[in-house]
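To convert, count from 1 in the sequence shown and add 150; that's my numbering.
Below is one structure, written out as C-alpha cells; comments come after it.
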Amino acid sequence: MRVNGTAVKPAHQIKPGDEVRVRNSGVERIVVVVRPVVKRVGAAIAVQCYIDKSPPPPSAEIAATMPRRDRGSGRPTKRERRETDRLLGRDSE
C-alpha cells in the first residue's frame with residue numbers, strides 16, 4: 151500500500167487529496183480520496199468518497215496471448231525460461 155508514493159501500513163491516516171495505490175492479486179488500484187469515511191458505509195456512499203484512477207484491465211485478447219503453465223508443474227527450467235524469452239522478443243543477447 152502506498153499513499154502519495156510512500157509505502158505505509160494499512161492503519162495510516164489518510165486525508166482528502168491523498169493518492170492511494172493498492173496492489174491485490176497482481177492488479178493495482180489507484181484512487182484519490184475525496185473525503186475520508188469514519189465508519190462503514192454502503193457501496194453507493196463509498197463511491198462518492200473517492201475518484202478511481204486505476205488503469206483499465208488488459209483486454210481479453212492480450213490476456214489470451216500470455217503463456218500459462220499447468221498447475222503444479224513447478225518453476226520453469228533455465229532452458230524453458232530462455233525459450234520463453236526468445237519467443238517474447240526479450241532475448242538478452
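Just so you know, even glycine gets a beta-carbon here, dropped at the ideal spot from N, CA and C.
Note that this is a predicted model, so its numbers are computed, not measured.
Through-space distance from residue j to residue i, alpha-carbon basis
i: residue 223; j: residue 232; result: 17 Å
i: residue 170; j: residue 155; result: 8 Å
i: residue 240; j: residue 178; result: 24 Å
i: residue 151; j: residue 157; result: 6 Å
i: residue 218; j: residue 234; result: 11 Å
Identity of the residue in the options nearest residue i by Cα
i: residue 166; options: 227, 175, 188, 176; result: 188
i: residue 185; options: 172, 201, 208; result: 201
i: residue 182; options: 190, 163, 168, 194; result: 168
i: residue 175; options: 162, 234, 207, 203; result: 207
Beta bridge counterpart(s) of residue i as assigned by DSSP
i: residue 202; result: 181
i: residue 170; result: 153, 181
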